[in-house]
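Here's the structure, in structure tokens; my notes come after.
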Amino acid sequence: MCPKLKTGGNKLKEKLLNLGLNEEIYNEYRNDSEGHIGRVIAEYKGLYKIATEEDDILAKVSGKYIKGVVDTKDFPAVGDWVLVDRKSNKNGDGIISKVFPRKSVVSRKVAGKRLDTQIIASNIDYLFICMSANNDFNLRRLERYITIGWDSGAIPVIIITKIDLCENLANIKNEIESISYGIDILYVSALENEGIEKIDKYLFKGKTIGFIGSSGVGKSTLINLLLGENIQSVNNVRENDQRGRHTTTHRELFVIKEKGVIIDTPGMREIQLLDNINGINDSFSEIIALSKKCKFNDCKHNTEPGCAVREAIDSGNLTIDRLNSYNKLIREALYLEKKNSIKEKKVKRKQV
Ligand SMILES: Nc1nc2c(ncn2[C@@H]2O[C@H](COP(=O)(O)OP(=O)(O)OP(=O)(O)O)[C@@H](O)[C@H]2O)c(=O)[nH]1
Ligand SMILES: [Mg+2]
Ligand SMILES: [Zn+2]
Numbered sequence: 001m002c003p004k005l006k007t008g009g010n011k012l013k014e015k016l017l018n019l020g021l022n023e024e025i026y027n028e029y030r031n032d033s034e035g036h037i038g039r040v041i042a043e044y045k046g047l048y049k050i051a052t053e054e055d056d057i058l059a060k061v062s063g064k065y066i067k068g069v070v071d072t073k074d075f076p077a078v079g080d081w082v083l084v085d086r087k088s089n090k091n092g093d094g095i096i097s098k099v100f101p102r103k104s105v106v107s108r109k110v111a112g113k114r115l116d117t118q119i120i121a122s123n124i125d126y127l128f129i130c131m132s133a134n135n136d137f138n139l140r141r142l143e144r145y146i147t148i149g150w151d152s153g154a155i156p157v158i159i160i161t162k163i164d165l166c167e168n169l170a171n172i173k174n175e176i177e178s179i180s181y182g183i184d185i186l187y188v189s190a191l192e193n194e195g196i197e198k199i200d201k202y203l204f205k206g207k208t209i210g211f212i213g214s215s216g217v218g219k220s221t222l223i224n225l226l227l228g229e230n231i232q233s234v235n236n237v238r239e240n241d242q243r244g245r246h247t248t249t250h251r252e253l254f255v256i257k258e259k260g261v262i263i264d265t266p267g268m269r270e271i272q273l274l275d276n277i278n279g280i281n282d283s284f285s286e287i288i289a290l291s292k293k294c295k296f297n298d299c300k301h302n303t304e305p306g307c308a309v310r311e312a313i314d315s316g317n318l319t320i321d322r323l324n325s326y327n328k329l330i331r332e333a334l335y336l337e338k339k340n341s342i343k344e345k346k347v348k349r350k351q352v
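The numbering of the sequence shown is full-length UniProt numbering, which starts it at 1 and goes up by one.
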């Protein structure tokens, strides 16, 4: 426990420490004279469930707060620390007046043509990117998730699930290792209780783990195992029948007593990235390192002479799929960047 987290000589309620409150956020809160601190543990269309030092209460954002909202990402999200006007539900629903600065944010672009950002979870320490070793396995999709991970400010960890269903794990291992520089990879089977103990090294009081991945990969099953009880529903329909169905329908935060916090999320169908090139560059760090060795600074790695990227492809040290994937994600990000700058100009013009 952090001994410095005290309120006027009284130790802060153990519950907030178990929920992941740290000194940084607590100091922010202390500067606010009005209200109580709480963490958003679930969200239901405009209504938030907040864990406070006393109760779990339902709350809405204040009218004043809504006036300051520019993008959907300005609304509270699961994982956020917020300022609410009450800490028990004795007097009805609470009012949220502030979201404390987010330490990390897992987000993507809202599916479809809109430019809005959707926050998947916030204030996460480790992002568990879950992909199953059977039919969900897709290296190009994994690259997208890794990019979201590096973008978020959390530490990405790859969790390959359902290894009991995979006949050729060695192949999968080789493929993943070729694209996941500097990322821990765990291979697990919830069904056969295999590899689960390796997750222990990420479970600490005060730390938060977020789970993301496609529907049906076994996120909630794994979470139930870690919680030691069947809190989250899982899809019990046969493997082939479950396409398109989401068992988990909303994001929710759970405390594992003395061992940290876990956020479950519904499976994602589409993973559209934001316009952040940095996350892509972090995920494709070997291509960035190679391109520094190209003869021309602005090498496009097509037919230029002295191209270190092409040389790596020719010598089998880099796959063409990997380069194509990098180019595709960069093109997407640049396109979004352009659209976003047009949108910002429009907003500014309106404000003048
Ligand atoms: N064979 C096998 N099946 C598993 C394993 N883990 C989970 N499953 C099964 O996979 C199905 C889906 O599991 P869920 O935990 O609901 O998946 P999810 O990722 O939470 O899915 P959404 O909530 O829709 O995003 C269930 O039928 C589980 O029993 C595993 O390690 N091996
Ligand atoms: Mg689920
Ligand atoms: Zn080049």
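Glycine included, each C-beta is placed from N, C-alpha and C at the ideal position.
Collapsed DSSP secondary structure at residue i in the structure displayed
{"i": "glutamate 252", "result": "strand"}
{"i": "tyrosine 181", "result": "coil"}
{"i": "threonine 319", "result": "coil"}
{"i": "threonine 52", "result": "strand"}
{"i": "glutamine 242", "result": "Low confidence applies to glutamine 242: its pLDDT is 46, below 50, so where it sits in the model is not reliable, and the reading given next is rough at best. Looking at glutamine 242 - three-state DSSP - the assignment turns out to be coil, as it is neither helix nor strand."}
{"i": "threonine 208", "result": "strand"}
Through-space distance from residue j to residue i, alpha-carbon basis
{"i": "aspartate 260", "j": "leucine 83", "result": "It should be noted that the sequence gives glycine, not aspartate, for residue 260. Distance between the alpha carbons of glycine 260 and leucine 83: 22 Å."}
{"i": "leucine 169", "j": "tyrosine 187", "result": "9 Å"}
{"i": "glutamate 270", "j": "arginine 108", "result": "9 Å"}
{"i": "aspartate 85", "j": "isoleucine 277", "result": "39 Å"}
{"i": "arginine 251", "j": "leucine 273", "result": "19 Å"}
{"i": "proline 156", "j": "aspartate 74", "result": "24 Å"}
{"i": "residue 382", "j": "asparagine 324", "result": "Because the chain in this structure spans residues 1 to 352, residue 382 falls outside the shown range and cannot be described."}
{"i": "alanine 312", "j": "lysine 173", "result": "21 Å"}
{"i": "alanine 77", "j": "serine 152", "result": "14 Å"}
{"i": "histidine 36", "j": "lysine 87", "result": "6 Å"}
{"i": "glutamate 197", "j": "asparagine 134", "result": "21 Å"}
{"i": "valine 106", "j": "glycine 216", "result": "20 Å"}
{"i": "asparagine 235", "j": "phenylalanine 100", "result": "35 Å"}
{"i": "aspartate 241", "j": "glycine 46", "result": "For aspartate 241, the predicted structure reports a pLDDT of 43, less than 50, and the residue's modelled location is therefore unreliable. The matter cannot be settled from this model."}
{"i": "isoleucine 263", "j": "cysteine 307", "result": "44 Å"}
{"i": "glycine 316", "j": "tryptophan 150", "result": "26 Å"}
{"i": "lysine 328", "j": "serine 189", "result": "33 Å"}
{"i": "glutamate 286", "j": "glutamate 175", "result": "15 Å"}
{"i": "lysine 300", "j": "lysine 345", "result": "30 Å"}
{"i": "leucine 334", "j": "isoleucine 148", "result": "16 Å"}
heavy atom of ligand 3 below 7 Å from residue i C-beta
{"i": "glutamate 286", "result": "no"}
{"i": "serine 291", "result": "yes"}
{"i": "alanine 308", "result": "yes"}
{"i": "residue 353", "result": "Because the chain spans 1 through 352 in this model, residue 353 falls outside it and cannot be assessed."}
Integer-rounded CB distance, given that residue j should sit under 8 Å from residue i
{"i": "asparagine 22", "j": "valine 255", "result": "Incorrect: roughly 15 Å between the Cβ atoms, too far for contact."}
{"i": "isoleucine 41", "j": "leucine 253", "result": "4 Å"}
Residue i beta carbon near ligand 2 (any heavy atom closer than 7 Å)
{"i": "lysine 219", "result": "yes"}
{"i": "glutamine 232", "result": "yes"}
{"i": "threonine 161", "result": "no"}
{"i": "threonine 248", "result": "yes"}
Distance cut-off 7 Å: residue i Cβ against heavy atoms of ligand 1
{"i": "aspartate 136", "result": "no"}
{"i": "alanine 170", "result": "no"}
{"i": "proline 266", "result": "yes"}
Taking contact to mean at least 3 C-beta pairs separated by less than 8 Å, is the segment 16-34 in contact with the segment 64-72?
-> no
Validate contact between the segment 123-135 and the segment 202-219 using beta carbons, cut 8 Å, 3 pairs = A contact exists between the segment 123-135 and the segment 202-219.
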